[in-house]
Each structure stands twice: as C-alpha cells, then as structure tokens.
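Please read the structure below before turning to the comments.
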Amino acid sequence: MSKGELTKQAVLEEATTIAARLGLEGLTIGSLATATNMSKSGLFGHFRSKEALQLQVLAFARENFTDLVIRPALAAPRGEPRLRVMFDRWLELGRSFAAGCLFVSAATEFDDRDGLVRDQLVHDHQDMLDSVAQMVRAGISEGHFRADADAEQFAHDLNSMMLGFYHSHRLMRDPRAEARTRRAFDTLLDNARP
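Residue 72 in UniProt numbering is what sits at position 72 of the sequence shown, and the numbering runs on without skipping anything.
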C-alpha cells in the first residue's frame, strides 16, 4: 500500500469513528481536518465533497463489517454453524463499538431522506439481510432447518434482534442485553429447526 493509500485508510478510520459518534451529517471535511491534523484542501483532494466522504465512510465501514463478521462466518460449515459464527461475531462487534454502530445511527439519520447516501445504506442493509437469508437457505439444504423455514423472516427477525441489542446495550446500558439477545437467537434457531 502506498503512503497516500495508508493516509487515506487512517483518515477513513477516523472519519468512521466521528460518523459513528456524531452521525454522517456531523462528519465534515472541516471536522475531519481538525481530528486528523490535515488541511481541508488535502482532504478535499481525497474526497471532493461531503457526500463523497460519507459514501467512502460507508464503504469503509461495510468492508470492516465484512472482514469482521461475514468472512469468518463464511469460513464456518454451512447452515446453523455459519449462522452461529455470524451472530457471535456481530454481537462481539456490537459490544466493541466505542462510539456506536455507524449503520444503526446512519439508518436513523437517513431513513426519510432521498439521495445517494440513503440509497447506499438501503443497499448495504439489504445485502446483510440477503446474506443471512442465504445462510438460512443453506441450513435448510443441510437439514438443520425445516424445509418450510422462512429465510427472509429469519433474516428480518435477526436484524430486529440486533437492533434491540444495540438499543439495550448502548442506550439502556442493560447488563443483561447480551444474555437476552443470545436467548432470543437460540429461540429463533429452535423455531427454524425440524
């Protein structure tokens, strides 16, 4: 990786942290310049606009989520074992967010706005739901789940469960948030089994 690519990587890490804490709208080239001790003109050379910065931050966060959650899950055996790894990694990542989950905060921030950032968020969330549904369909073909198990409903329920976890863990600071979420996941799996 070149020095310029390393710099951009470090800037995107900082930008993602800022966006998770302040929201994507709170992330500006000016605030990022202050946080990284870089010039606005230097950052503008990398990003060109606030919207371009927001989109690159989403791409960076998506790649991190893929590396930390999806790829380890795909390395596990198909079906229920893969879903368990994905759930465990997702939960672990949710516990480790010092500033909160960028995708959760951005979804709330952009849910009623039109534009490229919202479109990308919708695409990212749909990709996640599709990935979970595909893991469930693999579980059906492996015999781990009933033939009539609804993969899309499972994905919806798991996503809802994780949103509930973020709410309980971060906002409510419920020390039982993880245990409750694990119990709900086990129930979701039980309901899909033959």
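Think of the CB as a built atom: it goes at the ideal place given N, C-alpha and C, for glycine as much as any other residue.
What separation, rounded to the nearest whole angstrom, lies between the Cα atoms of residue i and residue j?
i: Val-122; j: Gly-42; result: 30 Å
i: Ser-105; j: Leu-22; result: 9 Å
i: Gln-54; j: Arg-118; result: 10 Å
i: Ala-184; j: Arg-82; result: 17 Å
i: Met-1; j: Ala-107; result: 32 Å
i: Ile-29; j: Leu-12; result: 11 Å
i: Ser-96; j: Arg-89; result: 11 Å
i: Asn-64; j: Gln-120; result: 16 Å
i: Pro-175; j: His-169; result: 7 Å
i: Leu-68; j: Ser-39; result: 31 Å
i: Ser-49; j: His-125; result: 24 Å
i: Ala-59; j: Gly-115; result: 16 Å
i: Glu-25; j: Arg-173; result: 25 Å
Going by C-alpha to C-alpha distance, which of the options sits closest to residue i?
i: Ala-75; options: Ala-155, Glu-14, Ile-140 and Met-135; result: Met-135
i: Asp-150; options: Val-132, Ser-2 and Glu-51; result: Val-132
i: Asp-127; options: Arg-62, Asp-190, Lys-50 and Gly-164; result: Arg-62
i: Ile-70; options: Met-161, Val-85 and Val-57; result: Val-85
i: Leu-91; options: Arg-193, Arg-180, Ala-33 and Ala-192; result: Arg-180
i: Gly-4; options: Glu-25, Ala-20, Ser-31 and Phe-47; result: Phe-47
i: Asp-186; options: Asp-157, Leu-116 and Met-172; result: Asp-157
i: Asn-37; options: Gly-164, Thr-7 and Met-161; result: Thr-7
i: Leu-163; options: Phe-87, Arg-113 and Thr-66; result: Phe-87
i: Asn-191; options: Ala-177, Leu-129, Gln-153 and Phe-110; result: Gln-153
i: Ala-177; options: Gln-9, Asp-112 and Met-161; result: Met-161
Could you pull the start and end residues of the alpha helix (DSSP H) that residue i belongs to?
i: Ala-7; result: The displayed chain sequence assigns Thr, not Ala, to residue 7. Note, Thr-7: alpha helix (DSSP H), 3–22.
i: Met-38; result: It is not in any alpha helix (DSSP H) - Met-38 carries neither H nor E in the DSSP assignment.
i: Val-69; result: Looking at the DSSP string, Val-69 is not in any alpha helix (DSSP H), and its letter there is neither H nor E.
i: Arg-183; result: 177–192
Let me know the secondary structure DSSP gives residue i once reduced to three states.
i: Asp-112; result: coil
i: Phe-145; result: coil
i: Asp-124; result: helix
i: residue 195; result: Not covered by the structure: residue 195. The range shown for the chain is 1 to 194.
i: Asp-94; result: The question names Asp, but residue 94 is Gly in the sequence shown. Helix at Gly-94.
i: Arg-48; result: coil
i: Asp-150; result: coil
i: Arg-173; result: coil
i: Pro-77; result: coil
i: Gly-30; result: helix
Tell me which residues share the same chain as residue i and place their Cβ nearer than 6 Å to its Cβ, disregarding the 5 neighbours each side in the sequence.
i: Gly-79; result: Ala-138, Gly-139, Glu-142 and His-144
i: Leu-171; result: none
Tell me which same chain residues have a C-beta within less than 7 Å of the C-beta of residue i, skipping the five on either side of it?
i: Ala-35; result: Glu-14 and Ile-18
i: Tyr-166; result: Gly-94, Cys-101 and Val-104
i: Ala-147; result: Ile-140
i: Gln-56; result: Leu-12 and Phe-47
Among the residues of its own chain, which have a CB less than 8 Å from the CB of residue i, if the five just before and after it don't count?
i: Ser-31; result: Ile-18 and Leu-22
Could you check if residue i belongs to the surroundings of the ligand NAP, using beta carbon to heavy atom distance under 7 Å?
i: Ala-151; result: With respect to small molecules bound, the structure shown includes none, and the ligand NAP cannot be examined in it.
Report yes or no: is there a C-beta of chain C within less than 8 Å of the C-beta of residue i?
i: Arg-182; result: No chain C appears in the structure shown, which is made up of a single protein chain.
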